[in-house]
Every structure is written in structure tokens, then in C-alpha cells.
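Q: Here it is, the structure in full.
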Amino acid sequence: MTRVVTYLTCVFVAVPILATLVAATSADFSQGPWGGGPTLDWFAYAWPPLAPVIGRSLAVAVLVVVLNLLVGGPLAWWVARHPSPLTRLTGHLVNVPLAVPGIALSVALVGAYPMLRPSGLLLVLGHLVFTLPFTLAALVPALADDELRTNESVARSLGAGPARVLGTLTVPSCAVALAQAVTMVFALSFGEFNISFFINPPATPTAPFALFDSYSTQRLELASAQSAIFIAFVAPVLTAIAWARRRAPRRNP
Amino acid sequence: MSLRAPARGRAAAPPAWLAALPALAVVGLFSAYPVAVMAANSLGLGRPPADGGPTLEHYSRALGSAAVRDALLNSVLIAGGAVLFTLLVAVPVVLRQARDDRAGRGGAAADALLTLPIALPGIIIGFFAIILTGRTGLLGLAWDGFSGLAYTFTGLLVAYVYFCLPRVLGPLRGAAATLDPALAESARTLGASRARVFRTVTLPLLLPAAIETGGTALAVALGGYGTVATLSEGVRLLPLNVANELTTGYRVAASSTLAVVLAAMAVLALVLGRALARLVRRAVAA
Chain A
1 MTRVVTYLTC
11 VFVAVPILAT
21 LVAATSADFS
31 QGPWGGGPTL
41 DWFAYAWPPL
51 APVIGRSLAV
61 AVLVVVLNLL
71 VGGPLAWWVA
81 RHPSPLTRLT
91 GHLVNVPLAV
101 PGIALSVALV
111 GAYPMLRPSG
121 LLLVLGHLVF
131 TLPFTLAALV
141 PALADDELRT
151 NESVARSLGA
161 GPARVLGTLT
171 VPSCAVALAQ
181 AVTMVFALSF
191 GEFNISFFIN
201 PPATPTAPFA
211 LFDSYSTQRL
221 ELASAQSAIF
231 IAFVAPVLTA
241 IAWARRRAPR
251 RNP
Chain B
1 MSLRAPARGR
11 AAAPPAWLAA
21 LPALAVVGLF
31 SAYPVAVMAA
41 NSLGLGRPPA
51 DGGPTLEHYS
61 RALGSAAVRD
71 ALLNSVLIAG
81 GAVLFTLLVA
91 VPVVLRQARD
101 DRAGRGGAAA
111 DALLTLPIAL
121 PGIIIGFFAI
131 ILTGRTGLLG
141 LAWDGFSGLA
151 YTFTGLLVAY
161 VYFCLPRVLG
171 PLRGAAATLD
181 PALAESARTL
191 GASRARVFRT
201 VTLPLLLPAA
211 IETGGTALAV
221 ALGGYGTVAT
231 LSEGVRLLPL
241 NVANELTTGY
251 RVAASSTLAV
261 VLAAMAVLAL
271 VLGRALARLV
281 RRAVAA
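Below is the structure:
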């Protein structure tokens with residue numbers, strides 16, 4: 001029974017992706033799958049205008065990942081190592097974007113800081129507050145680990161400086177959690193649409209907006225090719241997420 | 001402040017909360033403050049064009065509109081129905097995955113596949129619905145009833161199941177992995193049927209996590225905008241109204257009001273999910 005349901009669920013997830021590939025390689029999809037013969041022309045049409053947009057989305061996602069580590073890392077350390085009512089309150093505050101729907105937060109952000117929108121700064125900061133809860137969720141348990149804390153204090157008492165303790169103990173032992181945070185944040189930022197809706201600089205949209213535009217204005221085949229290209233960019237990231245997830249429980253059985 | 005000794009014997013170290021300061025500043029300025037401004041706008045306390053003094057008029061106007069009430073009801077039905085259905089499917093899947101994991105059987109490909117939709121924006125899931133069940137959709141070739149289904153209540157519901165699936169499977173899988181297989185096995189050895197073991201042992205242990213996960217997924221599904229935006233010519237959901245108030249004639253107060261209503265619903269789903277999960281956990285433990 002459980003095997004059949006699992007199998008059917010996999011089919012349910014896979015079929016639309018395969019159908020998108022079929023549509024993207026059909027000369028005329030309205031005549032059925034591969035109607036008018038199979039072709040790669042739609043990919044050739046889709047790629048040149050999409051490439052700079054994907055590049056922009058990649059840049060935003062990388063920037064958001066770096067900011068998450070720079071800003072979220074120390075926050076996770078403080079929350080993990082100094083538990084108090086204040087850190088619990090902080091946890092709730094950071095989780096606000098999980099509770100407030102993206103489109104609502106988008107309305108809120110553009111209402112408060114319309115002047116930061118054209119430069120794209122508001123987009124990056126919006127993505128940052130949206131992804132911080134995921135960084136915290138991944139890093140706090142890893143940093144709170146008792147064994148790690150013991151090792152750190154042993155190293156310190158033997159004379160290791162803070163940078164050395166961080167580089168040789170803290171970061172390596174949090175590697176899986178870090179990988180989890182980085183991949184998740186990257187994927188979330190790369191595909192973010194809801195929060196971005198009102199804060200995304202209108203002249204220089206990110207990839208999801210290029211897709212959204214195509215969905216209403218372009219042929220189904222071209223839109224499929226663009227979607228397939230987009231999926232090809234997130235698929236490796238997603239494999240990394242699945243890998244980190246499989247590694248995570250093994251660390252603390 | 002500087003006189004207080006650091007908790008963990010490092011002389012002259014700066015206070016630990018300094019590490020949290022940049023993040024707290026970002027969160028305060030770009031999450032908490034805008035949400036407060038949004039709430040103020042909805043109460044007529046904002047700057048023009050959202051001002052007009054303290055009033056509940058925006059709320060009474062929003063809730064008095066039939067279009068908003070319809071969208072609200074649709075949102076609850078679609079998000080709620082999708083989460084319920086996803087939970088029904090997810091429980092057997094995570095039990096199978098937990099069994100495979102314990103036996104050391106692979107499943108890496110299935111794992112990656114089932115995680116995939118979490119990295120896909122809602123708009124792509126909406127597009128999937130168009131590819132398969134749009135007016136020239138692939139499934140429409142097999143049976144005419146499938147054409148145009150994407151723009152109906154059922155079509156949107158199925159799209160939302162796709163959206164919810166990875167968001168339910170992920171957390172629920174963690175809960176299933178912590179179930180002690182010995183409990184179910186001893187019940188089986190004592191002669192209980194498979195169905196009875198599921199009903200009296202496995203399900204009660206998994207139920208609190210399922211409820212909590214369901215609450216979280218419901219909050220996310222209620223706020224999901226991309227999927228319904230792509231399929232917007234069909235059934236209307238509340239997030240569409242939130243966006244429309246701004247895109248068609250910059251009505252900040254009206255948009256903020258609907259955004260607050262949407263956020264309140266999502267928070268309610270989260271809180272209810274957690275409270276109910278705690279109740280059930282206590283009842284099972286007793």
C-alpha cells in the first residue's frame with residue numbers, strides 16, 4: 001500500500017516536469033506531443049533573452065547567501081550559545097516572514113521604502129529577511145551541539161585563538177548545516193516571486209518575473225523552454241538540498 | 001553594561017549580543033517595521049494616500065465586499081483542502097521512506113524528486129497546470145474533461161497539492177524517522193492486524209507532527225501568490241485581491257487591509273496547528 005502511494009506520488013511530481021520538456025521540444029504543441037516534429041528551436045529562441053535575466057537572478061541569490069552567512073551566522077551563534085527570553089523573542093521576530101504571506105510583506109516593504117526599489121537594494125534586503133529564518137533553523141541546532149562546545153572550550157584552553165577555533169572546529173563541524181542553509185537560501189531566493197512582486201526593480205526583473213511575463217504573452221512552447229531552463233538551474237541546488245537532508249540525521253542519530 | 005563579566009570566561013571579549021545586532025537591525029527595519037506600517041495603513045494612520053485618521057472603515061469595506069468574501073472562502077477551501085489531501089498522501093509516503101531508510105535501501109532518486117517542488121516558484125506550478133490541463137493541455141488529448149481544468153476549482157486544488165507536497169513531506173519525514181519501529185513490531189507479534197497497528201500505534205504517534213506540519217503548510221498555502229497569479233483567469237483567491245488593490249490604482253490602505261487579513265489567517269493557521277498538536281500530543285501521552 002505505502003509503496004504504491006509513494007510510487008504514484010513520484011509520478012505526480014515527475015509528470016508535469018516531463019510534460020514541460022515535451023512541450024519545449026515540440027514544434028507545435030497544440031497538435032499534441034511533438035506535434036510538427038521534435039525541435040530544439042524553442043530553446044535557441046528562449047536562451048539569448050533569458051541569459052542576462054538568469055545571470056541577474058544568480059547574482060541576487062549569491063549576494064543573499066553571502067549576506068545570510070555574514071548576518072545570520074553571528075545571530076545563530078548568539079541564539080544557540082546564549083539562550084534567554086531575549087533570544088526566544090528574537091527567534092519569533094526573525095520568523096515574522098514565515099507567518100506573514102510574501103505578497104503582504106511585499107506590500108509592506110514597498111509602502112515603507114519605495115525609494116530603495118529602483119536600485120534593487122530593497123529586493124536583496126527583502127530576500128534576506130525572508131531567508132534568514134531558514135538559515136537560523138539550520139545553524140542554531142548545529143551550533144548548540146554539546147560536543148562542539150566542549151571541543152571549542154578545550155581548544156581555547158589550549159591556547160587556540162578565536163579565528164583558529166572558528167576555522168578548524170566550528171565551521172567544519174557545522175558543514176552539513178551550512179550546506180543545508182546555503183542551498184536552501186539560494187533556491188528560495190532564485191525562485192522568489194511573492195515578496196519580490198512589488199519590490200523587484202521594474203526595469204531589471206529577476207528570472208521568475210521573466211517567466212511570469214512569458215506565461216501571459218508568449219507561446220506555450222517558448223514558455224516551456226524558458227521554464228525548463230529555469231528548472232535546470234535549480235535542479236543541482238535541489239540535489240544538494242536532498243543530499244544535505246540525508247546527511248543531517250546521520251550526524252545526530 | 002561593560003562591567004558585567006561575560007558568561008563564559010573570556011576576558012575583555014565584547015558582549016555577545018553585538019554579534020546579533022546587524023541581523024536584528026535588518027529584521028527590525030525590513031520586516032517588523034514595514035509590517036507595522038502596513039497595519040497602520042490599514043487603520044487609516046498612514047501617510048497619504050493611506051491616511052484619513054484612525055478608522056476601521058477599510059476593514060468594514062473589505063469584509064462587506066462580496067468579491068473579497070468569495071476570495072476569502074475560496075482561499076480557505078483551496079488551501080485547506082490541498083493541505084488535508086497532501087497529509088493523507090504524505091503519511092504513507094513518509095512511513096515507506098522511514099522503513100526504507102532503516103533497511104538502508106536507496107531511494108535517493110525518489111527523495112530528490114519529492115523535494116524538487118520546494119525549489120520551484122508557485123508560478124511554475126501554475127504553468128504545469130496549464131501544460132497538462134490548460135485549453136491545449138497534454139491530458140486534454142486523452143480525455144476532453146481535462147481541457148481547461150487548470151482554471152477551475154479542482155484544477156487549482158490539484159496545483160496547490162503539488163505546492164504543499166514538499167512542504168509537508170519534509171518535516172513529516174523527520175517525525176516518521178523518530179518513530180520506534182519496535183512498538184509497531186511488538187503489536188504485530190501480539191497478533192494485531194496491519195490496519196489495527198496503524199490505527200492504534202503508528203497514527204497516534206505521528207498525528208501531532210502531522211497536525212503541526214499541516215498548520216505550517218496551510219499558512220504557506222494561504223499566502224501563496226505565484227500559482228494563483230498564473231491561473232488568475234480562473235478562481236480568485238485572496239492574495240490576488242491584495243495585489244490588485246496596488247496594481248490597479250495604488251490603493252495602499254485597501255491593499256494593506258487585505259494583506260493584514262491574509263497575514264492574520266496565516267498566523268491563525270500556524271498558531272492553531274501548534275496548539276492542536278500540543279493538545280493531541282498530551283492526549284496520546286496520557
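Chains A and B, in that order, are what the protein sequence lines are.
Using UniProt numbering, you'd call the opening residue of the first sequence number 1 and step up by one each time.
Using UniProt numbering, you'd call the opening residue of the second sequence number 1 and step up by one each time.
Virtual Cβ for every residue (Gly too), placed ideally from N, Cα, C.
For clarity, every value in this text was computed on a predicted model and none was experimentally measured.
At the 8 Å Cβ level, is A/R251 part of the contact set with chain B, yes or no?
A: With a pLDDT of only 40 at A/R251, under the threshold of 50, the placement of this residue in the model should not be trusted; the figure read from the coordinates follows. Judged by the 8 Å Cβ criterion, A/R251 is not in contact with chain B.
Q: Cβ closer than 7 Å: which chain B residues qualify as neighbours of A/M115?
A: Ordered by position in chain B, no residue passes the 7 Å Cβ test against A/M115, which lies about 13 Å from the chain.
Q: Which term fits A/Q31, buried or exposed, when burial requires 16 or more other beta carbons within 10 angstroms of its beta carbon?
A: Result: exposed.
Q: Decide yes or no for the touch test of the segment 97-111 of chain B against the segment 232-240 of chain B: beta carbon pairs closer than 8 Å, at least 3 of them.
A: The segment 97-111 of chain B is not in contact with the segment 232-240 of chain B.
Q: Buried or exposed: B/D111, going by 16 or more other Cβ atoms within 10 Å of its Cβ?
A: That one is buried.
Q: Hey, B/A90 and B/L157 are a contact pair by Cβ (cut 8 Å); roughly how many whole angstroms apart?
A: 16 Å between Cβ atoms; not a contact.
Q: Check the Cβ of B/L276 against every Cβ in chain A and list those closer than 7 Å, keeping chain order.
A: Simply none; closest approach about 17 Å.
Q: May I ask which residues mark the beginning and end of the alpha helix (DSSP H) holding A/H82?
A: A/H82 -> no alpha helix (DSSP H), and no H or E assigned at all.
Q: Are the C-beta atoms of B/F85 and some chain A residue less than 8 Å apart?
A: So, not an interface residue.
Q: So A/I229 and A/W47 are in contact, right, with Cβ under 8 Å, and what is the actual spacing, rounded?
A: Right, the Cβ-Cβ distance comes to about 7 Å (below 8 Å), so this counts as a contact.
Q: Looking only at its chain, what residues have a beta carbon closer than 6 Å to the beta carbon of A/A27, apart from the 5 residues adjacent to it on each side?
A: If we look at A/A27 and ignore the five residues flanking it on each side, its Cβ neighbours are G36, G37 and T39.
Q: Which same chain residues end up closer than 7 Å to A/V234 when comparing Cβ atoms and leaving out the 5 residues on each side of it in sequence?
A: Closer than 7 Å at Cβ, skipping near neighbours: A187, F190 and G191.
Q: Given 8 Å as the limit, is there contact between the segment 114-134 of chain A and the segment 236-243 of chain B, that is, 3 or more CB pairs closer than that?
A: No: the two stretches stay apart, fewer than three of their Cβ pairs being nearer than 8 Å.
Q: Whose C-beta lies closer than 7 Å to the C-beta of A/A175 among residues of the same chain, with five residues either side of it excluded?
A: Counting only Cβ-Cβ distances below 7 Å, and skipping sequence neighbours, we find nothing.
Q: With DSSP as the reference, label A/P38 as helix, strand or coil.
A: Strand, per DSSP.
Q: How many whole angstroms separate the CB atoms of B/I124 and A/S227, which I take to be in contact at a CB cut-off of 8 Å?
A: About 6 Å; that satisfies the 8 Å criterion.
Q: Are the beta-carbon atoms belonging to A/V53 and A/T206 less than 8 Å from one another?
A: Yes.
Q: Any contact of the segment 210-227 of chain B with the segment 147-167 of chain B, i.e. 3+ C-beta pairs under 8 Å?
A: Yes, since at least three Cβ pairs between the segment 210-227 of chain B and the segment 147-167 of chain B fall closer than 8 Å, the two stretches touch.
Q: Check distances from the C-beta atoms of the segment 189-214 of chain B to those of chain A and list, in chain order, the residues that come in under 9 Å.
A: Here the close residues are R194.
Q: Starting from A/F198, trace the alpha helix (DSSP H) in both directions and tell me its first and last residue.
A: Looking at the DSSP string, the run of the alpha helix (DSSP H) that includes A/F198 is S196 to I199.
Q: Who are A/S26's beta bridge partners in DSSP?
A: A/S26 pairs with A/P38.
Q: Classify A/P97: buried if its beta carbon has 16 or more other beta carbons within 10 angstroms, exposed otherwise.
A: A/P97 is buried by the Cβ-count criterion.
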